[in-house]
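So the structure is just underneath, and the comments pick up after that.
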């Protein structure tokens, strides 16, 4: 496969080297790009196709676009050359057979190795809450949670790559349960829309480390702004820590309609429109989530209130 030549668009003014942001056309990378640009930090966004609407939207914010692919290590080296830091996020490619986690690990390996080869000084990676501790959950050794193994084992493996790569400065962010899972457009917790009510296997008393995607961008931007203080920080990131019953109460209050946290069987939830990935709710009931707002506050990070998020995004 030929190496794509980096195609700069909107090169940032001044002499400050940029932060290379992966996933800038998605939620987490996009939040990070916006937070950095708002702070006056030049952003170089790695995109596969700079002509797409999403890529153009990132460029319109003031980011420089560079063409490359995480599956092509050489293109990553070219993209990272001259960047002072990298924001790392990967997702498995979805195929007809399901999620390709080997592909996700390859993306991460290419990015880590490519960034090191390019001389990048700082690496901030976003993972997922509890990755690395997941094998300690009761029932894991007996195979009860085998369906969660590909996701969590891959996330843990990438974390180890980052820790052991030799970057002078590195940080791991481990966000919890995205508030954005409540967006009707996600068809996840509200698969039938808000009027159809919450559909989930997460029990009313299960507590979640709720995380607004914007807070990932805030945390990453803070790490890039103070590399020494955030070096080796592994932040279990939560904007709020709420039970599903509390989530329903806040939704009811802000939206002005009764919303309850249901107790459903798998069959009932699937029949009501829950996507198959919603089966992970049983894992959350057993494992919980270790993220707490006080961890981020101890680092001086501002956090999004869930009530404010609902008001801004669901009304």
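Numbering (the numbering used here), first residue to last: 51 to 365.
Yeah, the Cβ is synthetic: ideal placement off N, Cα and C, and Gly gets one too.
Is it right to say residue i is buried, meaning 16 or more other beta carbons lie within 10 angstroms of its own, or is it exposed?
i	result
residue 114	buried
residue 88	exposed
residue 324	buried
residue 179	buried
residue 245	exposed
residue 272	buried
residue 379	The structure shown does not extend to residue 379, since the chain is modelled only from 51 to 365, so the question has no answer here.
residue 84	buried
residue 313	exposed
residue 72	buried
residue 353	buried
Residue i to residue j, Cα distance in whole Å?
i	j	result
residue 286	residue 266	11 Å
residue 370	residue 254	This structure cannot speak to residue 370, because the chain is shown only from 51 to 365.
residue 366	residue 81	Since the displayed the chain opens at 51 and closes at 365, residue 366 lies outside it and no answer follows.
residue 295	residue 302	11 Å
residue 55	residue 97	In this prediction, residue 55 scores a pLDDT of 41, lower than 50, which makes its location untrustworthy; no coordinate-derived value is stated.
residue 290	residue 229	10 Å
residue 166	residue 328	37 Å
residue 70	residue 181	24 Å
residue 321	residue 243	15 Å
residue 68	residue 203	32 Å
residue 188	residue 151	24 Å
residue 147	residue 191	26 Å
residue 351	residue 268	7 Å
residue 135	residue 170	6 Å
residue 216	residue 347	28 Å
residue 120	residue 308	45 Å
residue 276	residue 173	12 Å
residue 235	residue 363	11 Å
residue 282	residue 256	30 Å
residue 336	residue 140	26 Å
residue 305	residue 311	15 Å
residue 241	residue 154	27 Å
residue 123	residue 365	43 Å
residue 26	residue 326	An answer regarding residue 26 cannot be provided, because it is not within the stretch 51 to 365 covered by the chain.
residue 110	residue 186	45 Å
residue 116	residue 100	8 Å
residue 145	residue 237	19 Å
residue 199	residue 205	10 Å
residue 319	residue 345	34 Å
For residue i, I'd like the list of residues in its chain whose CB is within less than 6 Å of its CB, leaving aside the five on either flank, ordered along the chain.
i	result
residue 149	142
residue 232	239
residue 208	158
residue 77	263
residue 184	202
residue 66	92
residue 280	221 and 273
residue 270	82, 137 and 174
Got a sec? Which residues, its chain only, sit under 8 Å from residue i by beta carbon, not counting five neighbours each side?
i	result
residue 75	95, 97, 102, 104, 105, 107 and 108
residue 300	292, 356, 357 and 360
residue 278	219
residue 298	248, 254, 309, 310 and 311
residue 79	71, 72, 73, 95, 137 and 139
Hey, residue i and residue j are a contact pair by Cβ (cut 8 Å); roughly how many whole angstroms apart?
i	j	result
residue 138	residue 161	6 Å
residue 251	residue 331	3 Å
residue 341	residue 288	3 Å
residue 284	residue 222	4 Å
residue 274	residue 91	6 Å
For the ligand GDP, any of its heavy atoms closer than 7 Å to the Cβ of residue i?
i	result
residue 227	Questions concerning the ligand GDP fall outside what the structure shown contains, since it holds no ligand whatsoever.
Excluding the 5 residues preceding and the 5 following residue i in the sequence, name in chain order all residues of the same chain whose CB lies nearer than 7 Å to its CB.
i	result
residue 131	168
residue 359	229 and 262
residue 226	179, 258, 259, 260, 261, 287, 288, 339 and 341
residue 156	121
residue 214	none
residue 193	none
residue 212	162, 173, 175, 220 and 222
residue 195	187, 189 and 333
8 Å is my cut-off, CB to CB: does residue i come that close to chain B?
i	result
residue 117	The displayed structure is made up of one protein chain only, and chain B is not part of it.
Original post:
Going along the chain, which unbroken runs of the alpha helix (DSSP H) with 4 or more residues stay wholly within the stretch 151–178?
Top reply: 151–167
**OP:** Just list the beta strand (DSSP E) runs in the stretch 55–130, keeping only unbroken ones of 3 residues or longer that don't cross its boundaries, in chain order.
**Re:** 69–71, 93–97 and 114–117, all fully within the stretch 55–130.
**OP:** Let me know the beta strand (DSSP E) ranges lying completely inside the stretch 210–297, each 3 residues or longer, listed in chain order.
**Re:** As far as the stretch 210–297 is concerned, its whole beta strand (DSSP E) runs of at least 3 residues are 219–225, 257–261, 284–287 and 290–293.
Subject >> Start-end ranges of the beta strand (DSSP E) lying completely within the stretch 297–357, minimum 3 residues >> reply: none
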